[in-house]
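FYI, the numbering for the sequence shown is 1 to 291, going by UniProt numbering. Beta carbons: idealized from backbone N, C-alpha and C, even for Gly.
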Amino acid sequence: MRMKYVLSEVLVGLWRNVTMTIAMIITMAVSLFMLGGSGLLYQKVGDMKDLYYENVEVSIFLTQEVTEQQRADLDSKLKSDPMVKEVLYVDKQQAYERFQQMYADAPDLVNAVKPDQLPESFRLKLNNPEQYKNIYDQYKESEGVDEIVDQSKLLDKVFGVLTGIQNGALAIAIVMAIAALLLVANTIQVAAYSKRREVAVMKLVGASNWFIQAPFVLEAVVAGLLGSILGLVALAVLKVTAAGSSLAALEGLITPVSWGEIFLIFPLMAGVGGLVSAVTAWVTLRFYLRV
């Protein structure tokens, strides 16, 4: 009987303040959508870092005047270095073939460059790509070495941009979450004020605080869960629309988000929406019931 009463009061409370309830649900949906999106973005950037850094190369370019002995000594030293996982020597002809492939759409540039103008190089894969600085310090003064280039420098810039997007999405989610909390608190206050006579009577007849608070708290939880469902729908719509838009070009940079990952983020969104709404409502009512 008590549970039936609580549930009926939840439905009545949601309908009584329907406009504020809708505003609360929409605000919660937007904040949870941003939270879920930023969570997926963090996950994708982490996956990208693991993938790209695993395949990152360090290139040691040799001078045009490098001797056979200098090249052989450097090759031997690199192959015995515990920081180096794999060593690949690229001669002038191989460098020219790579150059032709890279600039196939610029034939005038390719024709202007001769194979003997391109430097020989060693392409290294490291056991730990973050040890690039150690490689640079150890080999920059070696005889025959002209320049050392690390691909992770470019990746760091790309990841810097993506991290900025991550932080921006998270900041927006936090701002929207604060707005949602304020709206939840305001809605609960209005609902409690509209039922102040009933609450006063219930307290006089000995009703527990839990029994009085339960309908209000459940109102907030229901709004939070509905907001999380709308946030999930928004993520699904974004995935579908992004597949046929200009955002699809980003799939070469960012690994695509699967449906499984979207549905796995939903428990987090629902948990945050329901728990935060419940806590906010409970704290608001604690202050109200002390009056």
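Residue range of the beta strand (DSSP E) that residue i falls in?
i, result
"residue 109", "First-last for residue 109: 107-112, but that is the alpha helix (DSSP H), not the beta strand (DSSP E)."
"residue 59", "58-62"
"residue 85", "84-90"
"residue 146", "145-150"
Could you check whether residue j and residue i sit closer than 7 angstroms to each other, using their CB atoms as the reference points?
i, j, result
"residue 88", "residue 123", "yes"
"residue 144", "residue 66", "yes"
"residue 24", "residue 187", "yes"
"residue 80", "residue 173", "no"
"residue 119", "residue 61", "yes"
"residue 224", "residue 260", "no"
"residue 180", "residue 217", "no"
"residue 132", "residue 150", "yes"
Checking contacts by CB at 7 angstroms: is residue i closer than that to chain B?
i, result
"residue 108", "Absence of chain B from the displayed structure is noted, only one protein chain being present."
Excluding five sequence neighbours on each side, which residues of the same chain lie with their C-beta closer than 8 angstroms to the C-beta of residue i?
i, result
"residue 128", "83"
"residue 99", "110, 113, 118"
Would residue i be called buried (16 or more neighbouring beta carbons within 10 Å of its own) or exposed?
i, result
"residue 302", "Because the chain here runs from 1 to 291, residue 302 falls outside it and cannot be looked at."
"residue 215", "buried"
"residue 102", "exposed"
"residue 271", "exposed"
"residue 33", "buried"
"residue 68", "exposed"
"residue 221", "buried"
"residue 219", "buried"
Sorted by chain position, which residues of the same chain lie with C-beta nearer than 6 angstroms to residue i's C-beta, five sequence neighbours on each side aside?
i, result
"residue 19", "none"
"residue 291", "With a pLDDT of 41 at residue 291, under the threshold of 50, the modelled position of this residue cannot be trusted; read the value that follows with caution. So the list is empty, once near-sequence residues are dropped."
Starting from the C-beta of residue i, find all residues in its chain whose C-beta is less than 7 angstroms away, skip the five residues before and the five after it, and write them out in chain order.
i, result
"residue 284", "185, 188, 189"
"residue 125", "57, 85, 86"
"residue 249", "In this predicted model, residue 249 has a pLDDT of only 49, less than 50, meaning its place in the structure is not dependable; the value taken from the coordinates is given anyway. Taken in chain order, the list of residues that qualify is empty."
"residue 30", "176"
With respect to the alpha helix (DSSP H) encompassing residue i, which residues constitute its N-terminal and C-terminal limits?
i, result
"residue 76", "68-79"
"residue 133", "132-139"
Task: the segment 72-80 in contact with the segment 96-110 per 3-pair CB rule at 8 angstroms - done: They do not touch, by the three-pair rule.
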